[in-house]
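Residue numbers (this note's numbering), protein chains in the order written: chain A, 565 to 636; chain B, 61 to 444.
We put the beta carbon where it would ideally sit given N, CA and C, even for glycine.
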């Protein structure tokens, strides 16, 4: 499953709130594959089209580290 | 015991706060924002919801709502985190030591200078001129209390914010006494830094406070350490709120705050709280007006007061009056209320003041009992 990566729990939660208000279901977890340059980060798993969710988050100005997936 | 010391901390806390804190400690007291397990996620969710509620109450944003352990820590975070070598700050003559002492330390180490603008309780325009007269090229910030913790004097926040904006200055507010009892809007009132306690008018347990950031100013953190984020970097994160929140958060306190904020809405919000407390203090004022030897420090205000009332029994130190009231079953605060400037301003450094601060659970009957006891103390003094 694909997820968006955030550097903090708060920015991840803010993105989750934004998606919820747009009818998109998501779940905030620790990033299962943290980048060794970043250390602990957070993953927002999105049910549905991750790219449109990403666009919403970027448009709202919530700092996003990128998109990744469990199967990548 | 009749509790009338809500300006120190609100008591009792609402039952829903007690229940929420107990449930948290019993059922999901995991470290928020650290682990990836369900309990940590649940804890993290409630922390974020509390940020959202605070941001909604004060017109801020959750990402720039920083938890601190109290209002004093929030104030220190601003003053130590923003001010640079050579900066000048203007504060009011009613500041708490939470504002005065950090500035005095910065002044003594040669980093900054500050001036104190005299607050004219009956003349907001003059107060404003007093602030304006102190502005100089190196002035960086106006920082002031919203409501005096000793005398209840309310400062003209909107006009001071406009003055700061006009001169390109930062504007910080100590809302220790007004958060929960006065409407405050970070964005709407052009406030850059809003410092609030959780445990007073917002009904949280002690050990809770917050700094709400209105602008985009970057602050140097008071502390550095683990934030649960970007852990492989030796540098403190630049992203808020993590930048200013090192170490484990006070989850039980924040959970209690979450419920306290809901409780505030169930009683009608800040305006309803102010209305009730003002009503109770008005009863006290009317009763006290006929008590001999009792001097009230509020008759000169034109702009209305906050929800505390200070008084002094002539010829008696305030601590003695408070002790007699304690014997009679009343919890009030006496002495100097950690506010040297305010007592100098009102010339009460000799006796201090007895401060009465009702809360949402206070009743008219309790206030009537207090004025009866004050009268008894005054009559005894007369006989002696």
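About 6 Å separates the beta carbons of residue 229/B and residue 202/B, which is inside the 8 Å limit, making them a contact pair.
Taking all protein chains in view, the Cβ of residue 407/B is surrounded by fewer than 16 other Cβ atoms within 10 Å, so the residue is classified as exposed. Assigned with DSSP and collapsed to three states, residue 337/B falls in helix. At a cut-off of 8 Å between C-beta atoms, residue 603/A counts as an interface residue with respect to chain B. Among the CB atoms of chain A, one or more fall inside 8 Å of the CB of residue 123/B.
When DSSP states are grouped into helix, strand and coil, residue 566/A belongs to the strand group. One finds 289, 290, 297 and 299 in chain B with Cβ atoms closer than 7 Å to the Cβ of residue 571/A, taken in chain order. Residue state for residue 127/B is assigned as strand, using DSSP reduced to three classes. Distance between residue 399/B and residue 180/B, taken at the CA atoms: about 17 Å. Taking a Cβ-Cβ threshold of 7 Å, none of the residues of chain B is close to residue 624/A; the smallest such distance is about 11 Å. With a threshold of 8 Å between beta carbons, residue 594/A makes contact with chain B. Check the Cα spacing between residue 328/B and each of 420/B, 190/B and 111/B: the tightest is with 420/B.
Spanning the alpha carbons of residue 124/B and residue 388/B requires a straight line of approximately 46 Å.
In this structure, residue 632/A lies away from residue 593/A, with their beta-carbon atoms at least 8 Å apart.
A distance below 8 Å between beta-carbons, with the five flanking residues on each side excluded, links residue 612/A to the following residues of its chain, in chain order: 588 and 589. Annotation: residue 439/B to residue 379/B spans about 18 Å, alpha carbon to alpha carbon.
With respect to the 8 Å criterion, residue 391/B and residue 85/B are not classified as neighbours on the basis of their beta carbons. Taking 9 Å as the cut-off between beta carbons, the residues of the region 104-115 of chain B near chain A are 104, 105, 107, 108, 109, 111 and 112, in sequence order.
Interface with chain B (8 Å Cβ-Cβ cutoff): residue 579/A is excluded. Only residues of its own chain outside the window of five on either side were considered, and among them 609 have a CB closer than 6 Å to the CB of residue 591/A, listed in chain order. Distance from the CA of residue 190/B to the CA of residue 196/B, rounded to the nearest whole angstrom, comes to 13 Å. Between residue 576/A and residue 293/B, the CB-CB gap reaches or exceeds 8 Å. By the criterion of a C-beta distance shorter than 8 Å, residue 301/B is surrounded in its chain by 111, 123, 124, 125, 126 and 127, once the five residues flanking it on both sides are discounted. Burial is judged here by how many other beta carbons sit within 10 angstroms of a residue's own beta carbon; residue 432/B has fewer than 16 and is exposed. In the DSSP assignment, residue 162/B falls within the alpha helix (DSSP H) that extends over 157-168.
Close to residue 119/B, with beta-carbon spacing below 8 Å, lies no residue of chain A; the smallest spacing is near 16 Å. Secondary structure of residue 72/B (DSSP, three-state): coil. Given a length threshold of 3 residues, each whole run of the beta strand (DSSP E) inside the region 130-154 of chain B is given here in chain order: 148-152. The count of Cβ pairs closer than 8 Å, one atom from the region 211-222 of chain B and one from the region 79-99 of chain B, stays below three, leaving the stretches out of contact.
Between residue 370/B and residue 413/B, the C-beta gap is smaller than 8 Å, which places the two residues in contact. For residue 65/B, no CB of chain A lies under 8 Å from its own CB, so it is not counted at the interface with that chain.
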